[in-house]
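> Take this structure, written in structure tokens, and hold onto it; I'll ask about it next.
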Amino acid sequence: MHSLTFLALCVLPNPFEPVKLMRDASESGWKIDEMLETTTIFVSILFLMTVVWMMWSVVRHGPKHKAVYEDGADFKSWRWTALAALLIFVVVDGDLLAHSTAFMFGTFFDFKGAEAKPGAVRIEINAHQWAWNARYAGPDGKFNTEDDIVVLNDIVVPVGAPVIFQVTSTDVIHGFNVPEMRMKVDAVPGTVTRMWFQPKETGVFEIICAQHCGANHYKMRGTVTVLPRGEFDRWAAVTSLNATRGFDPKDMEAHWGWDWAEHARVE
Amino acid sequence: MNVAAARGVIPYRPAAARGEDTAWLGMAIFLGSWAMMFASLFFAYGVLRLRQPVWPPQGTPQLPELLPLVNTLVLAANSFALQRALVAARGGEKARVVSGLVQATVLGILFVGLQVVLWTSLFRSGLAFEDGSLAAVVYGLTGFHALHVLVGLLGLALLLPAVLRGTLNAARNNRLRLWVMYWHFVGVVWLAMYLLIFVV
Amino acid sequence: MTAQEAAFNRQTIEALQPIHSPPTTFWSKYMWSLDHKVIAKQYLWAGLLFLLIGGTLAMMIRWQWAFPGRPVPLLGPIFLRSSGGVVGPAVYMQLFTMHGLIMIFFAITPILIGAFGNFCIPLLIGARDMAFPWLNALSFWVFAFSQLLVIGSFLGDLGAAGAGWTTYPPLSTAIGTPGTGQTLMVAAIFTTGVASIMGGINYITTVIRLRAPGMTYMRMPLTVWGQFLTAILNVLFVPVLGSAALLLLMDRVFGTQFFIAGAAAVKGGGDPILFQHLFWIFGHPEVYILILPAWGIVADLLAFFSRKPANWYKGTVHAMSAVTILSAVVYGHHMFQTGMNPLLGEGFTTLTLIISVPAEVLFLNWLRTIYKGSIRLTVPMLFALSMVFVFGLGGLTGLYLGANAPDIYLHDTMFVVGHFHFTMAAASFLASLAGIYYWYPKMFGRNMNQTLGKIHFWFSSVGITLVFGGQLLVGYAGQNRRLWNPFAYEVFKPLQPLNRWTSYFAFVLFTGQLIFVWNFIYSMARGRKAEANPWSVGTLEWSIPSPPPVHNFDAIPVVVRGPHELSNPELEKKLGRDWVGQAEVVAGEEPGAVRTAAQGAT
């Protein structure tokens, strides 16, 4: 039966080797990975049970077996179906719901906690076809001022501190996505969305646009370089200095930043 | 569901009446579909309006008050005329039916005419199609509604000669009933549009 | 019901459905036919044609991932001349857009709902035709016109539609995707929606008003329940898609700003997320629209070919109804990443997980139906069983995506693509094939070759599992969807071999379908003539000749039992066979009496 074929192919070496969750370089990403892995275990068990049940029925209750005239309409019979469905719901769905709720309210939306941490880095992202504009407030802590650091596609952040993003777009909907930090949020024109993560390792990680945005959607790539704190601070200071020197008050298009507090909504 | 129906017994109605009931059910479902469509349009309007800090948005003109009110009364009168025609049809009074249909047709045409006046006056006061969400909502929703009025007028155009030429019979009365249902629906949708767009 | 009541019922319903003389001209027989069976075949041909087109587009997508930069064989020189036969990024986005739209609206819908709804509903409830035959014919031609608009889209000067099947603005507005190609597709969606609503009105009215005497709701085959509930969803939610399409068309053609925001917005602008709300309020019920008929057909076939009643019929009906009702309130799980309010996200997560309960119930009912049965592995049964397999897999993968948190990682990955391909492309497609192999003898009066059918089955089910399984696997590893070249990203480079293998399996899967095409067409002319009841089953369509006369039933049947009266030991003794017709009166039974299961009838 084809289910055997499928299971057999799962054991084949090469093509299936890289099939595992992507590397996780964030503090909280393990919570998502745990949800994914637990669900996979549950789902595999349920699916295996289904396959075994079906194979058993086909083999043992084939044309030579006399069908039993039961319609399952009496309570004694259907209560098992109802019970099984409820059990699966409480265990599998319930576990997922509990952990998802905890993550969303405890981590994803904990902007208050993220903003309060000393050393948190705030970045405004303005997506457009087909690149990521990123703006840091610079030493004055205010956006859209002389000392703002503005980079294209390649952002730099420190390890061990929250990096908070406010994201928008000028043209179409894009998806600001850093899978190795287990975070993504849509970039919607006319709205400012937000997300945050805290890197736990240094390295270079990819930004991959996660919403179809036109012909060059596949090329809308960026990088997140995570540096040790000291190196990051040095980079920020130097880059901000250069930015101040190169500041052109007449270049209106370059002044796309917005007031952070307006969208911070720290409850 | 009563016990008889549960046992598959069809309640007593003459076959022709059952046929009419079937047509009525089809029309009711059809109008239910249209109701969902207009509900979506109202939902769209609600979302767009609530996302604006001020309504009408900056730079767009205030909407007129008198003309839409007049049009609401026009459609209300139209519904009354058609309802009278329907009652007259059941009573077999052909002349009354014809006069009711004629009144309804005139009122329907008047409605469309006044809508055109409304749109041209808005256009002249500076509201182009491209002028943001207010223009989109006003032109889009009232325009789409007006299309429905035109379809209703088409229905009246088909009914009137049929009634004039022939006698009133069950089939013709049924068609009249279905079109009257349609016109009442169009009237109610306009009332909602008038209240939500021009009053509130 | 007493004999008098039965006689009265029959009299009334015969008067409602007079037998007309059959059509004689070519036009009235094949073009503008009022016969639901002919209209069903029209939908079937139209759907199968576009299934072929949609499948070809998929092969071109897979080719690009297996052999990037290499010209596409056969099709490249014809359709991609300007790029030397190679699929470029702009063409690529048209490929996945048109593939999705065509498969959903112009292939599966006409086959599963247009063809099976039209063919089965009147026959299975004991009626002579639909409630509104003229509207029925009109709905097909409106649909055919929408298919014409799709062809028109391919011929657009700037190419076909390219904003994804989800058509999100602002990308789908004239600013994001200019050109007639996109506009024509939006118009095509609107038009096919009109056809669907017309069909839905007909199906609902027919089931409510034209059931044969004795055919209570709880005696209808589950196939009819699936079509009935789908029609309700169609009638309620396709208009919402209609409004989204209408507003988008206005933005594209008249320059309004319902969905424009950002730099292009004027005087307040519109809201792109509004489109997503309207689209998904339709879009989520749509996936249930595409699966409910499949659930109904499979539930019936599993019972018929296990020679035993469908397990807990009432539970399945209630479960399908619960899914229908809940389908509208879970749509937000498609929008988790748009920055929605956390409480709203929590609400949608909870409701989405709850909707898995009725689905589990009807799945368990399928498993309990086949268990302790006498399973005959006929071709329809093979396809029905594989539908259970793929739907189990597809449904379970929905759990990951229905909760807000895991969806953060999985949104926009191939995992989503694998999930919906298993549930829609696999389950609905396999159920459609099961239905075609099952009703072909009744439709065309001939039998398909069963050996070729079994070979086709193996190609399809193994191929489907490997191809869509491959998508799930790369998606779990994080590979994003809709990328012309996924391997431009370091993290996806190791997945290239797996993607190539998935493409190979896809080519094999597609090739296997050609066996079906041959079998389908050849059997129509040369297949063995079919008997009235080749499957030995008791539903009403098998009590009349294959193919049925235009008026279906010489006399409207009076139904005395449910659709799954199989292997009843008492009746087996009396009749010498393990099945009984729904309208078959057996000596010693009170005509029309409603008996409980304990007394030996459903």
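Residue numbers (numbering that gives the first Met the number 0), protein chains in the order written: chain A, 0 to 266; chain B, 0 to 199; chain C, 0 to 601. We treat Cβ as the ideally placed atom computed from N, Cα and C, and that holds for glycine.
1) Given a cut-off of 8 Å, decide if B:Leu140 and B:Val97 are closer than it, judged by their beta-carbon atoms.
2) So, using beta-carbon positions, are C:Gly125 and C:Val558 closer together than 8 Å?
3) Rounded to whole angstroms, what's the CA-CA distance from B:Val136 to B:Val116? Just pull it up for me.
4) Measuring CB to CB, does C:Arg375 end up less than 8 Å from A:Ala66?
5) For A:Phe246 and A:Thr144, what's the separation of their Cα atoms in angstroms?
6) Name the chain C residues that come within less than 9 Å of B:Pro56, Cβ to Cβ?
7) Give every residue of the same chain whose Cβ lies closer than 7 Å to the Cβ of B:Ser78, excluding the five residues on either side of it in the sequence, and list them in chain order.
8) Measuring only the C-alpha atoms, how far is A:Pro178 from A:Gln197?
9) Measuring alpha carbon to alpha carbon, tell me which residue in B:Leu167, B:Leu133 and B:Phe197 is nearest B:Leu85.
10) Rounded to the nearest angstrom, how far is the Cβ of C:His98 from that of C:Ile60, given a contact under 8 Å?
11) Just to confirm, are C:Arg80 and C:Pro562 a CB contact at a threshold of 8 Å?
12) By the 10 Å Cβ neighbour count, where 16 or more other Cβ atoms means buried, how is B:Pro160 classified, buried or exposed?
13) Label A:Trp195 either buried or exposed according to how many other C-beta atoms from any shown protein chain fall within 10 Å of its C-beta, with 16 as the threshold for buried.
14) What do you reckon, are the CB atoms on C:Val322 and C:Ala358 nearer than 8 Å?
15) When DSSP builds the beta bridges, which residues end up paired with A:Val156?
16) Can you list, in chain order, the residues of its chain with a C-beta nearer than 8 Å to that of C:Phe504? Leave out the 5 residues immediately preceding and following it.
17) So with CB distances below 8 Å, who are the chain C contacts of A:Gln205?
18) At which residues does the beta strand (DSSP E) containing C:Arg576 begin and terminate?
19) Kindly identify the DSSP beta-bridge partner or partners of A:Gln165.
20) In angstroms, rounded to a whole number, what distance separates the CA positions of C:Leu50 and C:Leu429?
21) Quick one: using the 10 Å Cβ neighbour count with 16 as the cut-off for buried, is C:Tyr29 buried or exposed?
22) Does any residue of chain B bring its CB to less than 8 Å from the CB of C:Thr229?
23) Taking 8 Å as the CB-CB cut-off, is C:Ser566 touching chain A?
24) According to a CB-to-CB cut-off of less than 7 Å, which residues of the region 182-211 of chain C neighbour chain B?
25) So which residues on chain A does C:Trp483 lean against when the C-beta distance must stay under 7 Å?
26) Could you tell me which chain C residues have their CB closer than 7 Å to the CB of A:Thr169, listed as they occur along the chain?
27) C:Met214 by DSSP, collapsed to three states: which one?
28) Could you check where the beta strand (DSSP E) with A:Glu33 kicks off and where it finishes?
29) So with CB distances below 7 Å, who are the chain A contacts of C:Ser305?
30) Please list the residues of the region 239-259 of chain C that have a C-beta atom closer than 8 Å to any C-beta atom in chain B, keeping them in chain order.
31) Can you list, in chain order, the residues of its chain whose CB lies under 6 Å from that of C:Thr595, leaving out five sequence neighbours each side?
32) What does a CB cutoff of less than 6 Å around B:Ile196 pick up in its chain, not counting 5 residues either side in sequence?
33) Between the Cα of A:Asp258 and the Cα atoms of A:Gly140, A:Cys212, A:Glu252 and A:Ile148, which residue gives the shortest distance?
34) What is the DSSP secondary structure of A:Asp147, reduced to helix, strand or coil?
35) Given a limit of 9 Å on CB to CB distance, which residues of the region 371-403 of chain C reach chain A?
36) With B:Lys93 as the anchor, note down where its alpha helix (DSSP H) starts and where it stops.
The relevant details are as follows:
1) Going by beta carbons, B:Val97 and B:Leu140 fall outside the 8 Å limit.
2) For C:Gly125 and C:Val558, yes; Cβs fall inside 8 Å.
3) Cα to Cα, the separation comes out at about 17 Å.
4) Cβ distance not < 8 Å, so C:Arg375 and A:Ala66 don't count as in contact.
5) For A:Phe246 and A:Thr144, the gap between their C-alpha atoms comes out near 9 Å.
6) Per Cβ cutoff of 9 Å: Lys266, Gly267 and Gly268.
7) Cβ within range, chain order: Trp182, His183 and Gly186.
8) One C-alpha to the other measures close to 13 Å.
9) Ranking the options by Cα distance to B:Leu85, first place goes to B:Leu167.
10) That belief holds up - the Cβ atoms of C:His98 and C:Ile60 are roughly 7 Å apart, short of 8 Å.
11) Not in contact: C:Arg80 and C:Pro562 (Cβ atoms no closer than 8 Å).
12) Around the C-beta of B:Pro160, fewer than 16 other C-beta atoms lie within 10 Å, and the residue is accordingly described as exposed.
13) A:Trp195 should be labelled buried.
14) Their beta carbons are under 8 Å apart, which means C:Val322 touches C:Ala358 by this criterion.
15) In DSSP, A:Val156 forms a bridge with A:Val225.
16) Cβ within range, chain order: Gly462, Leu465, Val466 and Gly469.
17) It should be pointed out that residue 205 of chain A corresponds to Glu in this sequence rather than to Gln. Those within 8 Å of A:Glu205 in chain C are Tyr488, Glu489 and Val490.
18) Segment: none, C:Arg576 is in no beta strand (DSSP E) and carries neither H nor E.
19) In DSSP, A:Gln165 forms a bridge with A:Glu123 and A:Arg193.
20) Looking at the two C-alpha atoms, the distance is approximately 13 Å.
21) Counting the other CB atoms within 10 Å of its CB gives C:Tyr29 a total below 16, which places it among the exposed residues.
22) So, not an interface residue.
23) Chain A, which has a Cβ nearer than 8 Å to the Cβ of C:Ser566, makes this yes.
24) Taking 7 Å as the upper bound on Cβ-Cβ separation, chain B lies near residues Ile196, Ile200, Ile203, Thr204, Ile207 and Arg208 of the region 182-211 of chain C.
25) Going along chain A in sequence order, the residues near C:Trp483 (Cβ under 7 Å) are Tyr217.
26) Within chain C, the residues near A:Thr169 are Gly261 and Ala262.
27) Here C:Met214 sits in coil by DSSP.
28) Counting along the chain, A:Glu33 falls outside any beta strand (DSSP E), though it belongs to the alpha helix (DSSP H) covering Gly28 to Arg59.
29) Residues of chain A whose Cβ lies closer than 7 Å to the Cβ of C:Ser305 are, in chain order, Ala66.
30) Of all residues in the region 239-259 of chain C, only Val239, Gly241, Ser242, Ala243, Leu245, Leu246, Met249, Asp250, Phe253, Gly254, Thr255, Gln256 and Phe257 come within less than 8 Å of chain B when Cβ atoms are compared, listed by chain position.
31) In this prediction, C:Thr595 has a pLDDT of 40, which is less than 50 and means its spatial position is unreliable; what the coordinates show is noted afterwards. Exclusion of the five residues before and after C:Thr595 leaves no residue of its chain whose Cβ lies closer than 6 Å to its Cβ.
32) Here the set comprises nothing.
33) For A:Asp258, the nearest C-alpha among the options comes from A:Gly140.
34) Three-state result, A:Asp147: coil.
35) Result list: Lys371, Gly372, Ser373, Ile374, Arg375, Leu376, Leu384, Ser385, Val387, Phe388, Gly391, Leu392, Leu395, Thr396, Leu398, Tyr399, Gly401, Ala402 and Asn403.
36) B:Lys93 -> alpha helix (DSSP H) spans Lys93 to Arg123.
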